[in-house]
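Last residue of the first sequence: 231 (our numbering), numbering continuous.
The beta-carbon is built from N, C-alpha and C at its ideal position, and this holds for glycine as well.
Quick caveat, the model's predicted, so the values are computed rather than measured.
Beneath this line is the structure, given in structure tokens, with notes to follow.
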Amino acid sequence: MTTVTLYQLFKKMLAGMGPQGWWPADTKSEIIVGAILVQNTNWNNVKKSLANVETSTGFQPELIARLDMNDLMALIQPSGFHKNKSKAILEVFQWLGVHDFDFNQIKQHHGENLRRELLKLHGIGEETADVLLLYVFDEPVFVADKYDQQLFTALGLAGLTNYRKLKKRIHQFDEFSLTEAQEFHGLIDEFGKLYLRKADYFNESFLAGYTIKL
DNA sequence: GGCCAGGACACCA
DNA sequence: TGGTGTCATGGC
18 MTTVTLYQLF KKMLAGMGPQ GWWPADTKSE IIVGAILVQN TNWNNVKKSL ANVETSTGFQ
78 PELIARLDMN DLMALIQPSG FHKNKSKAIL EVFQWLGVHD FDFNQIKQHH GENLRRELLK
138 LHGIGEETAD VLLLYVFDEP VFVADKYDQQ LFTALGLAGL TNYRKLKKRI HQFDEFSLTE
198 AQEFHGLIDE FGKLYLRKAD YFNESFLAGY TIKL
């Protein structure tokens, strides 16, 4: 058994898998729409919806904010939950529009309250809020999604049964730069798809035999 | 043909 | 706080 720190785990995964280039999108608007659409949904379904939204808006935030709810529902129908998700998308983009879709201005205006403000928006929960902080607002935060919980459980930690419990146990995240934090989340999710979907897969991975100390 | 995917929310105890 | 049902679609 080899014990690693969180940052050592990141380096190990980066060496084992290579850079993942997350988030896979060309614009911040595309990241936001994708982050909402992917909630409990396979990315392949999300891609169909993203293509529809791109065709109709070019991911111009002003156009997305002005979409008719029914039109938006039709565009994102392939990725499921289109009623909830269309509402979430419109709320977020109308909220962004208050500050002219200027992400730096929004960040400055809300300061330390940015995460709390994001959580007030309907359809934005803890994970999506952290994803937006990490990939849209350039804050090096840790995203504690289901794959993270499974990974850290496989690495020997007990009791990580939900988002907050894991999030609370991550103290020493300061050593991660922004790009490293973005890469780390991508690595963990891609690792999860390969090695965590079934119980035994982890033991076949390059992390078998490792434990983590937080 | 059932299961599930890069969650969130309302409702309940 | 913590657990459960619901929301929808497409791939396997």
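Beta-carbon proximity list for residue i, same chain, < 6 Å, skipping 5 on both sides
{"i": "GLN167", "result": "LEU213"}
{"i": "PRO157", "result": "PHE193, LEU195, ALA198"}
{"i": "HIS114", "result": "The question names His, but residue 114 is Gly in the sequence shown. ALA82, listed in sequence order."}
{"i": "ASP10", "result": "Because the chain is modelled from 18 through 231, residue 10 falls outside the range shown and cannot be assessed."}
{"i": "THR170", "result": "LEU177"}
{"i": "LYS184", "result": "ALA161"}
{"i": "PHE241", "result": "As displayed, the chain neither begins before 18 nor continues past 231, which places residue 241 out of reach and without an answer."}
{"i": "PHE159", "result": "ILE187, PHE190"}
Residue range of the unbroken alpha helix (DSSP H) whose run includes residue i
{"i": "TYR164", "result": "163-171"}
{"i": "TYR24", "result": "23-34"}
{"i": "THR74", "result": "60-74"}
{"i": "ARG133", "result": "131-137"}
{"i": "GLY51", "result": "45-54"}
{"i": "GLN125", "result": "120-127"}
{"i": "ASP191", "result": "Unbroken run through ASP191: none, as it is neither H nor E."}
{"i": "LYS102", "result": "99-114"}
{"i": "ASN87", "result": "86-92"}
{"i": "ARG186", "result": "180-186"}
{"i": "GLU79", "result": "78-82"}
Continuous beta strand (DSSP E) stretch holding residue i: start and end
{"i": "TYR152", "result": "First-last for TYR152: 143-152, but that is the alpha helix (DSSP H), not the beta strand (DSSP E)."}
Beta-carbon contacts of residue i that lie in its chain and below 7 Å, excluding the five residues immediately before and after
{"i": "HIS127", "result": "GLU134"}
{"i": "GLY97", "result": "THR58, ASN62"}
{"i": "ASN101", "result": "GLY140"}
{"i": "HIS116", "result": "GLN122, ILE123, HIS126"}
{"i": "LEU149", "result": "ILE49, ALA52, LEU135"}
Burial state of residue i, where buried means 16 or more other Cβ atoms lie within 10 Å
{"i": "GLN37", "result": "buried"}
{"i": "GLU188", "result": "At residue 188 the sequence reads His, which differs from the Glu that was named. The residue in question, HIS188, is exposed, as its Cβ has fewer than 16 Cβ neighbours within 10 Å."}
{"i": "GLU79", "result": "exposed"}
{"i": "GLN125", "result": "exposed"}
{"i": "THR74", "result": "buried"}
{"i": "THR145", "result": "buried"}
{"i": "ALA68", "result": "exposed"}
{"i": "GLN56", "result": "buried"}
{"i": "GLY173", "result": "exposed"}
{"i": "MET86", "result": "exposed"}
{"i": "ASP147", "result": "buried"}
{"i": "ALA175", "result": "exposed"}
{"i": "GLY226", "result": "exposed"}
{"i": "LEU211", "result": "exposed"}
{"i": "GLY203", "result": "buried"}
As assigned by DSSP and simplified to three states, the class of residue i
{"i": "ILE229", "result": "strand"}
{"i": "THR196", "result": "helix"}
Heavy atom of the ligand ADP within 8 Å of residue i beta-carbon
{"i": "ASP88", "result": "Absence of the ligand ADP is noted for the structure shown, with no ligands found whatsoever."}
Own chain residues within Cβ distance below 8 Å of residue i, not counting five before or after
{"i": "GLY33", "result": "PHE223, LEU224"}
{"i": "LYS64", "result": "none"}
{"i": "MET30", "result": "PHE201, LEU204, ILE205, PHE208, LEU224"}
Exercise for review: For the stretch 139-147 and the stretch 97-111, state whether three or more C-beta atom pairs, one from each stretch, are separated by less than 8 Å.
Suggested key: Yes, they touch.
Practice item. Assess, as a yes-or-no matter, whether the stretch 213-222 is touched by the stretch 38-45 under the definition of 3 or more beta carbon pairs within less than 8 Å. Key: Segments in contact, no.
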